[in-house]
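In order, the protein sequence lines correspond to chains D and V.
Counting in my numbering, the first sequence runs from 1 upward without gaps.
Counting in my numbering, the second sequence runs from 1001 upward without gaps.
The block underneath contains the structure these notes are about, expressed in structure tokens.
Protein chains: 2
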Amino acid sequence: MAGSIQSLERAAAILRLLAGGERRLGLSDVANALGLAKGTAHGILRTLQQEGFVEQDPDSGKYQLGAELLRLGQSYLDVHELRARALVWADDLARASGETVYLGVLHQRGVLIVHHVFRPDDTRQVLEVGSMQPLHSTALGKVLTAFDPVARAELVESEREAFTAHTVTDLDVIDAEAAAIRERGWAAAVEETWAGVASIGALIQDRRRNPVGAVALNGPVERVCTTGPDGRIGPVRPDLVVSVREAARAISRDLGAPRF
Amino acid sequence: MAGSIQSLERAAAILRLLAGGERRLGLSDVANALGLAKGTAHGILRTLQQEGFVEQDPDSGKYQLGAELLRLGQSYLDVHELRARALVWADDLARASGETVYLGVLHQRGVLIVHHVFRPDDTRQVLEVGSMQPLHSTALGKVLTAFDPVARAELVESEREAFTAHTVTDLDVIDAEAAAIRERGWAAAVEETWAGVASIGALIQDRRRNPVGAVALNGPVERVCTTGPDGRIGPVRPDLVVSVREAARAISRDLGAPRF
DNA sequence: AACATCGTTCGACAATGCCGACGCTGCTTT
DNA sequence: AAAGCAGCGTCGGCATTGTCGAACGATGTT
């Protein structure tokens, strides 16, 4: 694995730093954080600025991400085949279920949301496209870790934060559940990331049956889960599971996956 | 302006090529298009891939944009101050007017949409955030060219396609209208880009009164424009103009612009 | 089966980007 | 006010680093 272009690696590190860090960063901040000489960091930043990947506040001289990234990110979505095929089915799933639908792909140590259909009511919602969700505590993530060895490897490396009392962080428990997920073909996460929210997810495969992403339905536990006679929250509703699995199958078929 | 990092410039060119080109491109396509040796192009692509900026189809070996761009693009939005301040006001404007609202900033030779509020009805709409609109034939673009000298300079360089019979492409006419726009403080574009669609836009300024963006309302001419007694389409509705200008003023004030 | 094409690897050369020290400007301090 | 202090930007020498072109192996085409 020889020969990575140094200046490119550093430029990428700078972009990630700007993306993660607070608001804007000065030249010295950047140089310090990455252990570069100021002159070096400046050269990279100047080029990035010239190309539109970073912008510089005229007053303070501080740097932040540039607009070109937004444009390219949009282009990524335009080209994304999985997303294109899934648009209609995700929409149908949201309409039929009345809940939010996410479409995600594995990216580094998390699930990148590439499509988001709003819950079909009028409440205000924030578009999550482009944001990341954890691997260990969401339906999307669980599906991917269960079926994609790469995802499982990334999960091992990640830190598995406990978001709620229901979050499972123990690797053995996660692996056991992954086996069950492979068996039955779908995953659920009830209040494991956000309190009061449950999600159901299923796998999307391409024409060679490789896992390429997952589709999931998100909603309040009161609607997504069954309630026992004692009023307790039970497992997720079987009819919603069927809907999600059908959507996943339909998208996979659109991608050329064999018909089973 | 000495000292731009060559490999970075080339990497940026490759990304733009992948963003503009059709679907996926092979290594030779990329190398040819940019006049690079195959080995050189490969080195850059390998690094870009390692960093997540491009992905490679395992079968065909062809390259396409990578997911990291989507994530960074999202981060750009998160950091964007103008957008953050404008969210509420844009929402109000859409609700009050019942029409689509765009928020745009100058980027290269066009207007980059950084926020998009759907028309508040249930029809299916495509999110335009991250896409570009022309400078010469939209309300957003006209506002920016009228108030931002940089935008006007970019306009001169751009090619000004005639999208409809109403599109104005002559520079003198555009300049004359720009003067009028500066005078009255708002711009309109009626069927100049899309047939049947009219838009009204106004300028957003920062604390030092620099033009930093524009907000516009988009809708069908039947609703956005007045109709004369003979049923002909007239100028845009004055009440909508007032709403748009008030929204722009409110956002500018949030950014720290003086209160007039 | 021979050919063409494509992505990838490799080694040599020198161009290129890296580094550290030095201006410069704007702001706070004494 | 003068001095000090950060902060960004620039410059030139050095060697590291990226570039180039040719050759390789795999794939699929004629």
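For every residue, glycine included, the Cβ atom is placed at its ideal position computed from N, Cα and C.
8 Å Cβ shell around residue 1198(V) - same chain, five flanking residues per side excluded: Residue mapping note: residue 1198(V) aligns to position 198 of the second sequence, counting from 1. Once the five neighbours on either side are set aside, the close Cβ partners of residue 1198(V) are 1188, 1189, 1190, 1191, 1218, 1219, 1220, 1221, 1224, 1225, 1236.
Which listed residue (1230(V), 1249(V), 1186(V)) has its alpha carbon closest to that of residue 1238(V): Translated into positions along the second sequence, residue 1238(V) becomes position 238. Answer by Cα proximity: 1186(V).
Residue 214(D), enclosing alpha helix (DSSP H) - first and last residue: The sequence position of residue 214(D) within the first sequence is 214, counting from 1. Note, residue 214(D): premise wrong, no alpha helix (DSSP H); beta strand (DSSP E) at 211–220.
Top-ranked residue by Cα proximity to residue 39(D), from 1024(V), 1057(V), 1004(V), 1032(V): Taking the first residue of the first sequence as 1, we reach residue 39(D) at position 39. The residue with the shortest Cα to Cα distance from residue 39(D) is 1004(V).
Sequence-distant residues of the same chain with beta carbon closer than 8 Å to residue 1228(V), five excluded per side: Looking up residue 1228(V) in the second sequence gives position 228. Cβ neighbours of residue 1228(V) beyond the five flanking positions: 1234.
Whether residue 72(D) touches residue 1015(V) by CB criterion (9 Å): Reading the first sequence from its first residue, position 72 is the one you call residue 72(D). Reading the second sequence from its first residue, position 15 is the one you call residue 1015(V). Closer than 9 Å, so yes.
Proximal chain D residues relative to residue 1130(V), where beta-carbon distance stays under 7 Å: Translated into the one-based positions of the second sequence, residue 1130(V) becomes position 130. Per Cβ cutoff of 7 Å: 70, 71, 73, 74.
Residue closest to residue 1146(V), alpha-carbon to alpha-carbon, out of 1176(V), 1194(V), 1033(V): One-based indexing of the second sequence puts residue 1146(V) at position 146. When each option's Cα is compared against that of residue 1146(V), the closest is 1176(V).
C-beta neighbour in chain V for residue 123(D), strict 9 Å: Here residue 123(D) is taken as the residue at index 123 of the first sequence, counted from 1. So no, residue 123(D) is outside the interface.
Integer-rounded CB distance, given that residue 1135(V) should sit under 8 Å from residue 1111(V): The residue you call residue 1111(V) lines up with position 111 of the second sequence. The residue you call residue 1135(V) lines up with position 135 of the second sequence. Their Cβ separation, rounded to whole angstroms, is 6 Å, which keeps residue 1111(V) and residue 1135(V) in contact under 8 Å.
For residue 87(D) and residue 1125(V), the rounded distance between their alpha carbons: For the purposes of this step, residue 1125(V) is taken as residue 125 along the second sequence, with counting starting at 1. For the purposes of this step, residue 87(D) is taken as residue 87 along the first sequence, with counting starting at 1. Their backbone Cα atoms lie some 12 Å apart in a straight line.
Bridge partner(s) assigned by DSSP for residue 228(D): Taking the first sequence and counting its residues from 1, one reaches residue 228(D) at position 228. Per DSSP, none; premise fails for residue 228(D).
Residue 1025(V) versus residue 1212(V) - alpha carbon distance: Translated into the one-based positions of the second sequence, residue 1025(V) becomes position 25. Translated into the one-based positions of the second sequence, residue 1212(V) becomes position 212. For residue 1025(V) and residue 1212(V), the distance between alpha carbons rounds to 36 Å.
Residues of its chain near residue 257(D), where Cβ-Cβ distance is below 7 Å and the 5 sequence neighbours each way are ignored: Taking the first sequence and counting its residues from 1, the one referred to as residue 257(D) is at position 257. Excluding residues within five positions, the ones whose Cβ falls inside 7 Å are 205, 206, 207, 209.
Residues near residue 1(D) in its chain [Cβ-Cβ closer than 7 Å; skip 5 each side]: Within the first sequence, the letter at position 1 stands for residue 1(D). Caution is warranted here: a pLDDT of 43 is assigned to residue 1(D), below 50, making its placement in the model unreliable, and the coordinate value is therefore given only provisionally. Cβ within range, chain order: n/a, list empty.
Contacting positions in the region 44–68 of chain D - beta carbon closer than 8 Å to chain V: 44, 46, 47, 48, 50, 51, 52, 53, 64, 65, 66, 67, 68
Distance, residue 74(D) Cα to residue 116(D) Cα: Here residue 116(D) refers to the residue found at position 116 when the first sequence is read from its first residue. Here residue 74(D) refers to the residue found at position 74 when the first sequence is read from its first residue. Cα to Cα, residue 116(D) sits roughly 14 Å from residue 74(D).
Per-residue contacts from residue 252(D) into chain V (C-beta, under 9 Å): Here residue 252(D) refers to the residue found at position 252 of the first sequence. Within chain V, no residue comes near residue 252(D); the closest Cβ sits about 17 Å away, beyond 9 Å.
Cβ-Cβ separation, residue 1108(V) to residue 66(D) (assumed contact under 8 Å), whole Å: If you number the first sequence from 1, residue 66(D) lands on position 66. If you number the second sequence from 1, residue 1108(V) lands on position 108. Contact flag wrong, Cβ pair sits at about 11 Å.
Rounded separation between residue 56(D) and residue 46(D) - CA only: Position 56 of the first sequence, counting from 1, holds the residue named residue 56(D). Position 46 of the first sequence, counting from 1, holds the residue named residue 46(D). So the alpha carbons of these two residues sit roughly 9 Å apart.
Within the region 138–213 of chain D, ranges of the beta strand (DSSP E) (whole runs, at least 3 residues): 187–190, 197–205
Partners in chain V for residue 93(D), counting only beta-carbon separations shorter than 8 Å: On the first sequence, residue 93(D) is found 93 positions in, with the first residue counted as 1. Within 8 Å Cβ-Cβ: nothing; residue 93(D) doesn't reach chain V, min ~14 Å.
Contact check, residue 8(D) vs residue 1070(V), beta carbons under 9 Å: Your numbering for residue 8(D) matches position 8 in the first sequence. Your numbering for residue 1070(V) matches position 70 in the second sequence. Result no, Cβ atoms of residue 8(D) and residue 1070(V) do not sit closer than 9 Å.
Distance between beta carbons of residue 248(D) and residue 203(D), contact taken as under 8 Å: The residue labelled residue 203(D) in the question sits at position 203 within the first sequence. The residue labelled residue 248(D) in the question sits at position 248 within the first sequence. Their Cβ separation, rounded to whole angstroms, is 6 Å, which keeps residue 203(D) and residue 248(D) in contact under 8 Å.
Residues from the region 9–41 of chain D in contact with chain V, defined by Cβ distance under 7 Å: 9, 11, 12, 15, 19, 23
Spatially closest choice to residue 1252(V) from 1230(V), 1196(V), 1215(V), 1242(V), by CA coordinates: The sequence position of residue 1252(V) within the second sequence is 252, counting from 1. The shortest Cα separation from residue 1252(V) among 1230(V), 1196(V), 1215(V), 1242(V) belongs to 1215(V).
Per-residue DSSP class, three states only, for residue 1005(V): Residue numbering aside, residue 1005(V) sits at position 5 when the second sequence is read from its first letter. Three-state DSSP puts residue 1005(V) in coil, outside helix and strand.
Identified DSSP bridge partners for residue 1076(V): The residue you call residue 1076(V) lines up with position 76 of the second sequence. Looking at the DSSP assignment, residue 1076(V) forms no beta bridge with any residue, so it has no partner.
Whole-angstrom C-beta distance between residue 98(D) and residue 119(D), which should lie under 8 Å: What you label residue 119(D) is simply residue 119 of the first sequence in a count that begins at 1. What you label residue 98(D) is simply residue 98 of the first sequence in a count that begins at 1. Right, their Cβ atoms sit about 7 Å apart.
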